[in-house]
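0 is the number of the first residue of the sequence shown in numbering that gives the first Met the number 0; add one for each residue after it.
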Amino acid sequence: MKLRFSVLLKNFKELVDPRNLLCAPSEIAAYMKDKERFKREYRGDYPIRTLPVLFERKKKSVFDPHYVYQAYWATHKIVKSAPVGHHVDIASHVPFAAQLSAFCPVVQMEFRPPEIEIASYQRLSGDILRLPFRDSSIPSLTCLHVIEHLGLGRYGDPLDPDGCWKGMLELQRIAAPKGNLLLSVPVGRPALFFNGGYVFRAADIPGALRGLDLAAFSYVNDAGRFVESGNLDETLDMVYALGLFHFRKPVQ
0 MKLRFSVLLK NFKELVDPRN LLCAPSEIAA YMKDKERFKR EYRGDYPIRT LPVLFERKKK
60 SVFDPHYVYQ AYWATHKIVK SAPVGHHVDI ASHVPFAAQL SAFCPVVQME FRPPEIEIAS
120 YQRLSGDILR LPFRDSSIPS LTCLHVIEHL GLGRYGDPLD PDGCWKGMLE LQRIAAPKGN
180 LLLSVPVGRP ALFFNGGYVF RAADIPGALR GLDLAAFSYV NDAGRFVESG NLDETLDMVY
240 ALGLFHFRKP VQ
């Protein structure tokens, strides 16, 4: 029933998309034709049930460049640094943290932790504005596509006009000396889309984290292309790029 419901919901969303209205009759006709032909040629003993999945015949393989490239970028850096002990993730995309746990033990802190049972993945409930970790205690840390939402109430969190900046300072607080913080946020022409999220001026991020050194900067541009070795100023005129900041905490 869960499969049937999810497919029917997908079909409904596609059907009400104005771009699909003209091709809907041909999609349905093609499905019916294929089904009848398949039934004539099928020799298996599994029962055939009707569950059409429409509008995928000519669709390109699509992906979200922000989430795909940030996962590659962060995983590459973490694997390269080979952290000792647990890697700590703060509320990033759950599939990223779960897959990373195949390489190293991961503790993921979430406002509402997911119900995932993997031996090398530990979930933890907490608030990014009051992280449950000691000062300078985390040598390997990620927070990807999260900071821009803080304090806007979108996910039921308290309203706080300074929430994003407080969250960044909490990450700085818990990062260990010589430790790595991998941080991603939308960058470009600065704006606040309430309650969707911030788009930051890229230079404002290292400006806010003065207790950390910016070791490297990458980004995903407005066209969805990954730029591995970038410059903060290259994103100034972009609308909704993704800044990928590799910070390292100096030894005091």
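The beta carbon of each residue, even a glycine, is placed where N, CA and C say it ideally should be.
Strand pairing of residue i, partner residues [DSSP]
i	result
Thr141	Asp88 and Leu181
Leu243	Ser183 and Ser217
Met108	Ile89 and Leu123
Arg18	Per DSSP, none; premise fails for Arg18.
Val226	Tyr218
Phe192	Gly196
Where residue i sits in the DSSP three-state scheme
i	result
Tyr197	strand
Tyr120	strand
Ala175	strand
Arg36	helix
Leu50	coil
Asp212	strand
Arg129	strand
Ile146	helix
Gln98	helix
Arg3	helix
Gly136	Strictly speaking, residue 136 in this sequence is Ser, with Gly absent from that position. The answer is coil: DSSP assigns Ser136 none of H, G, I, E or B.
Test item: CB-CB of residue i and residue j under 8 Å
i	j	result
Leu130	Ile77	no
Phe244	Leu182	yes
Tyr197	Pro205	no
His85	Leu99	no
Leu123	Val145	no
Closest residue to residue i among the options (Cα-Cα distance)
i	options	result
Leu158	Cys142, Ser139, Phe193 and Pro176	Phe193
Gly166	Leu191, Leu208 and Tyr154	Leu208
Tyr120	Met108, Pro112, Ala97 and Thr74	Ala97
Gly242	Cys142, Glu40 and Phe216	Phe216
Lys12	Lys34, Phe37, Glu55 and Ile89	Glu55
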